[in-house]
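Visitor: Counting from 0, one number per residue, gives the positions in the sequence shown under numbering that gives the first Met the number 0.
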Amino acid sequence: MYGEVFLAFSKEIVKSNKYNTEDAIDFWDKTNKQDWAICELSYLGIQSKKYEPAPYSGQESLLAAYDNYYLQHFKK
0 MYGEVFLAFS KEIVKSNKYN TEDAIDFWDK TNKQDWAICE LSYLGIQSKK
50 YEPAPYSGQE SLLAAYDNYY LQHFKK
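1) Do V13 and W27 come within 8 Å of each other at the CB atom, strictly closer than that value?
2) What are the boundary residues of the alpha helix (DSSP H) that L61 is part of?
3) What first and last residue would you give for the alpha helix (DSSP H) that runs through K10?
4) When you compare the CB positions of Y55 and L62, do they come within less than 8 Å of one another, or not?
5) Give me, in chain order, the residues of the same chain whose beta-carbon lies closer than 6 Å to that of A7; leave out the 5 immediate sequence neighbours on both sides.
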């Protein structure tokens, strides 16, 4: 099951012939479906009996920084 996505466009954009709101809608539809598919695959992988949690790799430093920020917030 997928979530619902709402895009808001100003009246000027909707009325304008300069912009095609369908392009934005199609882009976000495609992007969200790709993200959901990745999340589903990740969830399935974590459910595997062979899955072992491990530290982040060097390429995942932003994720590690976010985790640290999040944990520090709740220590207050």
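Backbone N, C-alpha and C fix where the C-beta goes; we use that ideal spot for every residue, glycine too.
All of these numbers come straight from a predicted model, not from anything done at the bench.
Guide: In brief:
1) Not in contact: W27 and V13 (Cβ atoms no closer than 8 Å).
2) That run of the alpha helix (DSSP H) goes 60 to 74.
3) Secondary structure note for K10: its alpha helix (DSSP H) is the uninterrupted segment 10 to 14.
4) A Cβ-Cβ contact shorter than 8 Å links Y55 with L62.
5) Apart from the 5 residues on each side of it in sequence, A7 has no Cβ closer than 6 Å to any other Cβ in its chain.
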